[in-house]
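Data first, discussion second: the structure below is written as structure tokens.
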Amino acid sequence: LQRLLGAVNWLRPFLGLTTEELHPLFELLKGSPDLKFEWSLTAEEKQALEVCSKAIENRQSRRKNPELQICLALVPSRFQPFAVLFRWDQAEKDPLRVL
Numbered sequence: 001l002q003r004l005l006g007a008v009n010w011l012r013p014f015l016g017l018t019t020e021e022l023h024p025l026f027e028l029l030k031g032s033p034d035l036k037f038e039w040s041l042t043a044e045e046k047q048a049l050e051v052c053s054k055a056i057e058n059r060q061s062r063r064k065n066p067e068l069q070i071c072l073a074l075v076p077s078r079f080q081p082f083a084v085l086f087r088w089d090q091a092e093k094d095p096l097r098v099l
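Shown next, in the form of structure tokens:
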């Protein structure tokens, strides 16, 4: 779980996910340290996992286009503010290109 969430957290900006959306999954890390401990997901945790899964399915890595302007967005968050560097490509079905 820790490895999975580490990878997801690293990819979070590329996937367009917020820390709020993933928060229920990170709360699972506070559980029992016993490797044999059996746990089940709550509805909120299942929803967070579904959001993450759909983001992975729907995002594609793209080649860079140096003709597009680089933009910076500062995003306030309940848990931690963050910034996103991106390009906006009107020619694409999904115009957001997170850098």
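Per UniProt numbering, the sequence shown runs over residues 1 to 99.
Idealized CB from N, CA, C, for every residue including glycine.
This structure is a prediction, so every number in the text was calculated from the model and none was measured.
Item: Residue ranges of each alpha helix (DSSP H) run of no fewer than 4 residues wholly in the segment 25–93, ordered along the chain?; Value: 43–58
Item: Who are the near neighbours of residue 101 in its chain, counting only those whose CB is closer than 7 angstroms to its CB and skipping five residues on each side?; Value: Only positions 1 to 99 of the chain appear in the structure, and residue 101 is not among them; the question remains open.
Item: Should Leu85 and Leu96 be called a contact, given that it needs their Cβ atoms to be closer than 8 angstroms?; Value: no
Item: Given a cut-off of 8 angstroms on the beta-carbon distance, is the pair Leu74 and Trp88 in contact?; Value: no
Item: To the nearest angstrom, how far is it from the Cα of Lys36 to the Cα of Lys46?; Value: 21 angstroms
Item: Count the other C-beta atoms from every protein chain shown that fall within 10 angstroms of the C-beta of Ala91, then say buried if there are 16 or more, exposed otherwise.; Value: exposed
Item: Pull the bridge partners of Arg3 from the DSSP assignment, please.; Value: Answer is none; Arg3 lacks a bridge partner.
Item: Quick one: what's got a C-beta closer than 6 angstroms to Phe14's C-beta in the same chain, skipping five residues either side?; Value: Val98
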